[in-house]
Amino acid sequence: MKAKKFLGVIPARYASSRLPGKPLLEIGGRTMIEQVYRRALASDVFFRVVIATDDSRIYDAAEKFGADVLMTRTDHPDGSSRVAEIAAKVDADYVINIQGDEPLLDPRMLRELACGISGDGSADSATVCVPIKKEEDFLNPNIVKVVRALNGRALYFSRSPIPFRRSDAGCAVWEHLGIYAFTKEFLLKFVKLPATPLMKTESLEQLRILEHGYSMAVIATKYPSEGPNVNTPEDLEEVRRIFARRKNEER
Numbered sequence: 658m659k660a661k662k663f664l665g666v667i668p669a670r671y672a673s674s675r676l677p678g679k680p681l682l683e684i685g686g687r688t689m690i691e692q693v694y695r696r697a698l699a700s701d702v703f704f705r706v707v708i709a710t711d712d713s714r715i716y717d718a719a720e721k722f723g724a725d726v727l728m729t730r731t732d733h734p735d736g737s738s739r740v741a742e743i744a745a746k747v748d749a750d751y752v753i754n755i756q757g758d759e760p761l762l763d764p765r766m767l768r769e770l771a772c773g774i775s776g777d778g779s780a781d782s783a784t785v786c787v788p789i790k791k792e793e794d795f796l797n798p799n800i801v802k803v804v805r806a807l808n809g810r811a812l813y814f815s816r817s818p819i820p821f822r823r824s825d826a827g828c829a830v831w832e833h834l835g836i837y838a839f840t841k842e843f844l845l846k847f848v849k850l851p852a853t854p855l856m857k858t859e860s861l862e863q864l865r866i867l868e869h870g871y872s873m874a875v876i877a878t879k880y881p882s883e884g885p886n887v888n889t890p891e892d893l894e895e896v897r898r899i900f901a902r903r904k905n906e907e908r
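In the working numbering, the protein residues as written are 658 to 908.
In structure tokens:
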């Protein structure tokens, strides 16, 4: 059987209201985008990993550290659209959209995701989740919850605390982690789908997949990131502390 080809794409844009130039911020002696790129390569999942950007500063920085980097159009509404532009030009079976603001991404999670979508055989897309252990996280609207079917497919994503626990039936509650795998065929279709009511109500892009009747496998990862995605100055400092601690432990 011919091995399936996985393309990894890291969408990166310079503009950020809270952290301008976020991909080029220094973390652990390298830019954030380089840290993410190195982790993607370390997964040994991909035949090719591409940084996709519309900014010459990111392009130049990525080229300097030897990355495979391509310029994209400037009019993309979201990261998935930017990823699809690259995927359309590359011969691949599956595409994984790798978040460029996750420098603590565990490469083993990428392997789980790749195995999950290719092993399923019929899922259009896939993502990952982890158990929610704290009540405040369950109630936090900034932590997205996912409810899964018995076969592991996504039933619904919400910022609300779901499922509602009327009885103690031992039902697990899951936090959704925003990393996605797609069949290439479905990714190119997905980015052309119109926005949907629930997607707009919850402000969750992945609901567009479910509302249009497509499927998403949800893999419970054993390898969540050690720290947060970098969205705020506070996140940045926390991640820098983790890198510094690791460096000290290696001495």
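Using N, Cα and C, we set each Cβ at its ideal position, and we do this for glycine too.
{"query": "Per DSSP, which one or two residues make a beta bridge with Ala709?", "result": "Pro668, Leu727"}
{"query": "Is it the case that the CB of Glu720 approaches a heavy atom of the ligand GTP more closely than 7 Å?", "result": "Annotation note on the ligand GTP: not contained in the displayed structure, which lists no ligands."}
{"query": "Give the straight-line distance between the Cα atoms of Cys828 and Ile715, rounded to the nearest whole angstrom.", "result": "44 Å"}
{"query": "For a test of the three-state rule: what should DSSP assign to Phe704, helix, strand or coil?", "result": "coil"}
{"query": "Using 8 Å as the threshold, is the segment 838-845 in touch with the segment 793-802, meaning 3 or more CB pairs across them?", "result": "no"}
{"query": "Would you say Leu762 and Ile743 are within 8 Å of each other, going by their C-beta atoms?", "result": "no"}
{"query": "Kindly indicate which three-state DSSP category Pro854 falls into: helix, strand or coil?", "result": "helix"}
{"query": "How many angstroms separate the CA atom of Pro820 from the CA atom of Phe814?", "result": "10 Å"}
{"query": "Along the chain, where does the beta strand (DSSP E) containing Asn754 start, and where does it finish?", "result": "751-754"}
{"query": "Can you pull the DSSP bridge partners for Met873?", "result": "Ser782"}
{"query": "Could you tell me the alpha carbon to alpha carbon distance between Glu683 and Lys857, rounded to whole angstroms?", "result": "34 Å"}
{"query": "Would you list the residues sitting across from Tyr716 in a DSSP beta bridge?", "result": "According to DSSP, Tyr716 bridges with nothing at all."}
{"query": "Between the Cα of Ile876 and those of Glu868, Gly809, Asn905, spot the shortest distance and give me the residue it belongs to.", "result": "Gly809"}
{"query": "Out of curiosity, what's the CA-to-CA distance linking Val598 and Gly665?", "result": "Residue 598 is absent from the model: the chain starts at 658 and stops at 908."}
{"query": "Use the C-beta contact count for Met658: other C-beta atoms within 10 angstroms, 16 or more gives buried, fewer gives exposed.", "result": "Residue confidence is low: Met658 scores 46 on pLDDT, short of 50, so the model does not pin down where it sits. Its coordinate-derived value is still stated next. With fewer than 16 Cβ atoms within 10 Å of its Cβ, Met658 is classed as exposed."}
{"query": "Taking 7 Å as the limit between beta carbons, can you name the residues of its chain near Leu796, skipping five residues before and five after?", "result": "Pro818"}
{"query": "Which first and last residues belong to the beta strand (DSSP E) in which Leu762 is found?", "result": "Here Leu762 belongs to no beta strand (DSSP E), and DSSP marks it neither H nor E."}
{"query": "Spell out a yes or no on whether the segment 857-868 and the segment 755-772 are touching, meaning 3 or more CB-CB pairs, one atom from each, closer than 8 Å.", "result": "no"}
{"query": "Check whether the segment 764-773 touches the segment 696-713, taking contact to mean three or more Cβ pairs, one atom from each stretch, closer than 8 Å.", "result": "yes"}
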